[in-house]
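Chemist: Numbering (the working numbering), first residue to last: 1 to 510.
All residues carry an ideal CB built from backbone N, CA and C; glycine is no exception.
Below: one structure in structure tokens.
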Ligand code: ZN
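Here is the structure:
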């Protein structure tokens, strides 16, 4: 192929991918509107809009022409450096194209049918607070998920690997085994030692009546301070389940919710979503309208949200800066609270039954037990019918508490109504990677935390922009981590950080 022919094919491929990206982003706008603005009556029509636009995006992306262009451009890709934009675009598109075309259409249809049924059975089981009514549906989801895994990776391969790979390119179940083993050894004793100290009353400063509108203003002040652009390139809204989305690096949306008797969910929720938002606002504009205009993986995305929510937002230095700001909004509630009291209130550890309510220390144990159960089911060591009991045993052995019923146990997450396997690990990867990246940024910027105490977060954000955001989706998460920290996915920095922080906070024996 002549250089000119190569150029033509590449620009044709980019044109096709740009249209797919437009369709996906238009779908994202519809979804955003659905979650934040749409009246309830709009639901049936909106479901049609979304189904059609997603189908069109899928058809366009899996069109044979894209496969042909990818094949014709293989030599060109090989002639380029691995980290060049064009080689990365071809590599990432091929990976996604292979995944999307390997799954038979009828399997997609059967999964969506089974998913709808499973969701109904899950609601019934939840209302009865027992696993029984959901179990047969879950068995179906497990079987279909195994089929999906095999379709993606071929017979003989571990289906769980393929399911994990969908959201964490390159990561395997074996690598997660290793990560969770490190976390188990470090966190189970730490959570146990903390639970022997009382957590009662520690978060009293944040558990008062705070006017919701003013909470929102305060949360917007916090995310503006850390460098999320809410003026020209971002918007905030309310939604039942907080989330973030982006239609281009210059148009990123975040949501939160309020609880009038607790400051935490609104403030930390918006800091979390703004962390995702900084990633999306940090993607180079040249990646817009293509597969590289995204984060590296769900887990790396979560590294940015947890960085700003937990590492920064729950630090002593952040509260040295932010407490005076918060006092100006809520003089009656916070006028006499000290920085130390606010720091303590922001970091309460209490073993809980519910994952989404879990704190920075116990959260990973919730993820670990889900992963272990998925692994046991796929290997045949655990029958789906025994899942509720196995769940309760694990909660007891890791957290020292027992769910009173299945609603607060195995039935709490919606994830297994859609797919079994590979949906949860991103949260833990985020916790672990967020701290590892922070440690590197701190090494490169000595005294960084003292800047936070003055309300200046630019050195941390700048480091993330250069070392994480600037790559878009060019590299696998492990590759991004190696480039940025010199190390792969490992729990070491996270465990050191957590041990040091909570040994001080809870006056534990070091
Ligand atoms: Zn998140």
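1. Where residue 498 and residue 459 are concerned, what is the direct C-alpha to C-alpha distance, given to the nearest angstrom?
2. Taking the CB atoms as reference points, tell me whether residue 165 and residue 173 lie closer together than 7 Å.
3. Quick one: any contact between the stretch 422–436 and the stretch 377–395, if contact means 3 or more CB pairs under 8 Å?
4. Which value, in whole angstroms, describes the spacing of the CA atoms of residue 344 and residue 330?
5. When we look at the beta-carbon of residue 380 and count the other beta-carbons within 10 Å, is it buried (16 or more) or exposed?
6. For the ligand ZN, any of its heavy atoms closer than 6 Å to the Cβ of residue 302?
7. Pick helix, strand or coil for residue 2, following the three-state DSSP scheme.
8. Is it the case that the Cβ atoms of residue 274 and residue 255 are separated by a distance below 7 Å?
9. The beta strand (DSSP E) that contains residue 251, what's its start and end?
10. Using beta-carbon positions only, say whether residue 314 and residue 364 come within less than 7 Å of one another.
11. Do you know offhand how far residue 64's Cα is from residue 146's?
12. Measuring straight from C-alpha to C-alpha, what distance separates residue 200 and residue 350?
13. Ends of the beta strand (DSSP E) at residue 247?
14. When the distance is taken between beta carbons, is residue 410 closer than 7 Å to residue 131?
15. Do residue 144 and residue 114 come within 7 Å of each other at the CB atom, strictly closer than that value?
16. In the DSSP assignment, what are the bridge partners of residue 259?
17. Please name the residue in 109, 83, 440 and 395 whose C-alpha comes closest to that of residue 492.
18. Please identify the residue among 285, 483 and 457 whose C-alpha is closest to the C-alpha of residue 225.
19. Rounded to the nearest angstrom, how far is the Cβ of residue 125 from that of residue 133, given a contact under 8 Å?
20. Please return the same chain residues whose Cβ sits closer than 6 Å to the Cβ of residue 102, not counting the five positions on each side in sequence.
21. Between the Cα of residue 32 and the Cα atoms of 309, 464 and 50, which residue gives the shortest distance?
22. How about the stretch 276–285 and the stretch 300–317: do they share at least three Cβ pairs that are nearer than 8 Å?
23. Strictly by DSSP, which residues pair up with residue 234?
24. Among residues of its own chain, excluding the 5 on either side of residue 335, which ones have a beta-carbon nearer than 7 Å to its beta-carbon?
25. Would you give the residue range spanned by the alpha helix (DSSP H) that residue 467 belongs to?
Modeler: On the basis of the data shown:
1. On the chain shown, residue 498 is found 498 positions in, with the first residue counted as 1. On the chain shown, residue 459 is found 459 positions in, with the first residue counted as 1. The alpha-carbon atoms of residue 498 and residue 459 are separated by roughly 22 Å.
2. The sequence position of residue 165 within the chain shown is 165, counting from 1. The sequence position of residue 173 within the chain shown is 173, counting from 1. Contact: no.
3. no
4. Taking the first residue of the chain shown as position 1, residue 344 is located at position 344. Taking the first residue of the chain shown as position 1, residue 330 is located at position 330. Roughly 18 Å between the two C-alpha positions.
5. Within the chain shown, numbered from 1, the residue matching residue 380 stands at position 380. Exposed.
6. As a working note, residue 302 is residue 302 in the chain shown. Result yes, Cβ under 6 Å from the ligand ZN.
7. Taking the first residue of the chain shown as position 1, residue 2 is located at position 2. Note: residue 2 maps to coil in three-state DSSP.
8. Counting from 1 along the chain shown, the entry for residue 274 is found at position 274. Counting from 1 along the chain shown, the entry for residue 255 is found at position 255. Result no, Cβ atoms of residue 274 and residue 255 do not sit closer than 7 Å.
9. On the chain shown, position 251 is the one that residue 251 refers to. Counting along the chain, the beta strand (DSSP E) containing residue 251 begins and ends at 251–256.
10. Numbered from its first residue, the chain shown carries residue 314 at position 314. Numbered from its first residue, the chain shown carries residue 364 at position 364. No, the Cβ-Cβ distance between residue 314 and residue 364 is not below 7 Å.
11. Taking the first residue of the chain shown as 1, we reach residue 64 at position 64. Taking the first residue of the chain shown as 1, we reach residue 146 at position 146. Approximately 27 Å, taken between the alpha carbons.
12. Taking the chain shown and counting its residues from 1, one reaches residue 200 at position 200. Taking the chain shown and counting its residues from 1, one reaches residue 350 at position 350. Between residue 200 and residue 350, the C-alpha separation is close to 9 Å.
13. One-based indexing of the chain shown puts residue 247 at position 247. That run of the beta strand (DSSP E) goes 244–248.
14. Position 131 of the chain shown, counted from the first residue, corresponds to residue 131. Position 410 of the chain shown, counted from the first residue, corresponds to residue 410. Their beta carbons are under 7 Å apart, which means residue 131 touches residue 410 by this criterion.
15. What you label residue 114 is simply residue 114 of the chain shown in a count that begins at 1. What you label residue 144 is simply residue 144 of the chain shown in a count that begins at 1. Yes, these two residues count as a Cβ contact at 7 Å.
16. One-based indexing of the chain shown puts residue 259 at position 259. In DSSP, residue 259 forms a bridge with 262.
17. The residue labelled residue 492 in the question sits at position 492 within the chain shown. Residue 492 has its Cα closest to that of 440, out of 109, 83, 440 and 395.
18. Position 225 of the chain shown, counted from the start, is the residue given in the question as residue 225. Of the candidates 285, 483 and 457, the one whose C-alpha sits nearest the C-alpha of residue 225 is 457.
19. Start at 1 with the first residue of the chain shown, and residue 125 comes out as number 125. Start at 1 with the first residue of the chain shown, and residue 133 comes out as number 133. That pair is a contact at about 4 Å.
20. Position 102 of the chain shown, counted from the start, is the residue given in the question as residue 102. Closer than 6 Å at the Cβ level, and outside the excluded window around residue 102, lie 151 and 152.
21. Taking the first residue of the chain shown as position 1, residue 32 is located at position 32. Measuring from the Cα of residue 32, the nearest candidate turns out to be 50.
22. yes
23. Here the question's residue 234 lines up with position 234 in the chain shown. Residue 234 pairs with 252.
24. Counting from one through the chain shown, the residue named residue 335 turns up at place 335. Closer than 7 Å at Cβ, skipping near neighbours: 327.
25. Residue mapping note: residue 467 aligns to position 467 of the chain shown, counting from 1. Looking at the DSSP string, the run of the alpha helix (DSSP H) that includes residue 467 is 458–467.
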